[in-house]
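Residue numbering for the sequence shown follows my numbering, beginning at -9 and increasing consecutively.
Here's the structure, in structure tokens; my notes come after.
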Amino acid sequence: MAKIIDGKLISAQIKDELKEKVAKEHIKATLAVIQVGNDPASCVYVGNKKKACEYIGIGSRSYELPEETTEEELLDLVDRLNADDEIKGILVQLPLPKTIDEKKVINRISPDKDVDGFHPQSVGRLCIGEDGFVSCTPAGIIELLKRSGIPIEGRECTVIGRSNIVGKPMALLLLANNGTVTVCHSRTKDLKEICKRADILVVAVGKPKMITSEYIKEGAVVIDVGIHRTESGKLCGDVDYEDVLPHVSAITPVPGGVGPMTIAMLMVNCVKAAGF
Ligand code: GUN
């Protein structure tokens, strides 16, 4: 029987641990959350992030800016928040409107307040094995594996997807945990054959139910980063869950797998930022 990795439960445990730490050590921190425009998915994510802050006992300050906000105005706000000692973490919800250069905004956030782990300094630290802020979704996946007793060391780990937010930091983290890492992407030839070698397969392709049992080695661990709404209104991942389930030793469901971990790890980063 496959183990269903319960991300909701594990994320709740992490948030409870943080809540206790914040109370016990009298940690004071405020997270600034900036949203430009009102993309419906972003509104849900931002709302959940603020709720998580309240739950663990740290502050949050919301900046809901209109779609027409200019790049300069946003950069000015980031500058002000960088200089504000009360603010320990700055989060700019992505995607930003097309008129704003995301890279420029990310690069402007002080590396000490980069709770998303997107700043080049954070990514560079991860790359060379120095302590720093790590992108929340891949960091959450490592936590899921560790807390489920799934070893990484020496195992064949395959990541499908090479985004700056998930695929690349995921590969670096698996490597840092002594996995043997392969990164696949849209130009990869023989994707099925490569995936079939994986002991741990992390799927972040952004295509509903693309990964079927044909891609899976018997007994593999499958981590599904995707989330999509089907025509019937149900949620599904990048993995064809029902098809794959009989062949895996462990799998994350959608919803309730990777998703809740992203916010738990953001809270880990906020508590860490309070120490600077
Ligand atoms: N948009 C989708 N995921 C994320 C995330 O983890 N952080 C930010 N800032 N924006 C996102």
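No residue lacks a Cβ here, since even glycine has one placed at the ideal position from N, Cα and C.
Residue of the options minimising C-alpha distance to residue i
i, options, result
"lysine 197", "Arg187, Val171, Gly216", "Gly216"
"alanine 22", "Leu67, Lys5, Met255", "Leu67"
"isoleucine 17", "Gly49, Asp29, Asp74", "Gly49"
"valine 258", "Ala42, Asn97, Lys(-2), Ile213", "Ala42"
"leucine 235", "Val261, Arg219, Ile201, Ala254", "Ile201"
"isoleucine 32", "Val12, Gln83, Lys78, Ser52", "The sequence shown places serine at residue 32, rather than the isoleucine named in the question. Residue Gln83 is the option with its Cα nearest to serine 32."
"valine 36", "Ile253, Leu116, Val261, Cys260", "Ile253"
"cysteine 185", "Cys147, Ile132, Met160, Cys117", "Cys147"
"phenylalanine 266", "Gly79, Ser138, Val34", "Gly79"
"aspartate 6", "Glu44, Ser112, Asp29, Asp230", "Glu44"
"valine 195", "Thr242, Val229, Glu204", "Val229"
"lysine -2", "Leu191, Ser138, Glu221", "Ser138"
"isoleucine 140", "Lys199, Met160, Val211", "Val211"
"threonine 242", "Lys40, Ser203, Val193, Pro101", "Val193"
"glycine 47", "Val12, Pro30, Lys94", "Val12"
"isoleucine 190", "Ala73, Ala161, Gly249", "Ala161"
"glutamine 25", "Ile90, Ile206, Glu54", "Glu54"
"glycine 227", "Val244, Arg177, Ile(-6), Ile96", "Val244"
"alanine 264", "Glu183, Glu58, Ser112, Asp104", "Asp104"
"methionine 255", "Ile90, Glu133, Gly247", "Glu133"
Residue i Cβ short of 7 Å to the ligand GUN heavy atom set
i, result
"tyrosine 35", "yes"
"valine 82", "yes"
"cysteine 43", "no"
"threonine 59", "no"
"aspartate 106", "yes"
"cysteine 126", "yes"
"isoleucine 155", "yes"
"threonine 172", "no"
"threonine 252", "yes"
Span separating the alpha-carbon of residue i from that of residue j
i, j, result
"alanine -8", "glutamate 62", "51 Å"
"alanine 166", "proline 85", "29 Å"
"isoleucine 150", "glycine 157", "7 Å"
"cysteine 174", "serine 1", "28 Å"
"proline 87", "glutamate 208", "43 Å"
"glutamate 92", "serine 52", "19 Å"
"glycine 27", "leucine 64", "12 Å"
"alanine 129", "valine 238", "22 Å"
"arginine 98", "aspartate 69", "7 Å"
"proline 110", "isoleucine 118", "12 Å"
"lysine 262", "threonine 20", "12 Å"
"lysine 14", "leucine 116", "29 Å"
"leucine 164", "glutamate 76", "34 Å"
"isoleucine 131", "isoleucine 213", "8 Å"
"leucine 81", "aspartate 106", "6 Å"
"isoleucine 4", "phenylalanine 108", "22 Å"
"threonine 170", "methionine 251", "24 Å"
"isoleucine -6", "valine 95", "38 Å"
"alanine 73", "valine 34", "28 Å"
"lysine 40", "lysine 179", "42 Å"
"serine 203", "valine 124", "31 Å"
"lysine 9", "asparagine 38", "16 Å"
Assigned secondary structure, residue i (DSSP; H/G/I helix, E/B strand, else coil)
i, result
"arginine 343", "It is not possible to answer for residue 343, since the shown part of the chain is limited to -9 through 266."
"isoleucine 80", "strand"
"threonine 89", "coil"
"valine 124", "coil"
"isoleucine 150", "strand"
"threonine 178", "coil"
"isoleucine 155", "coil"
"lysine 199", "coil"
"isoleucine 190", "strand"
"valine 261", "helix"
"isoleucine 99", "coil"
"isoleucine 184", "helix"
"isoleucine 131", "helix"
"isoleucine 140", "coil"
"isoleucine -6", "strand"
>> Quick check for students: name the residue ranges of the beta strand (DSSP E) that lie wholly in the stretch 3 to 70, counting only runs of 3 or more.
In response: 20 to 26, 49 to 55
> Of all the beta strand (DSSP E) runs that stay within the bounds of the stretch 204 to 249, which reach a length of 3 or more residues?
Replying inline: 210 to 214, 238 to 241
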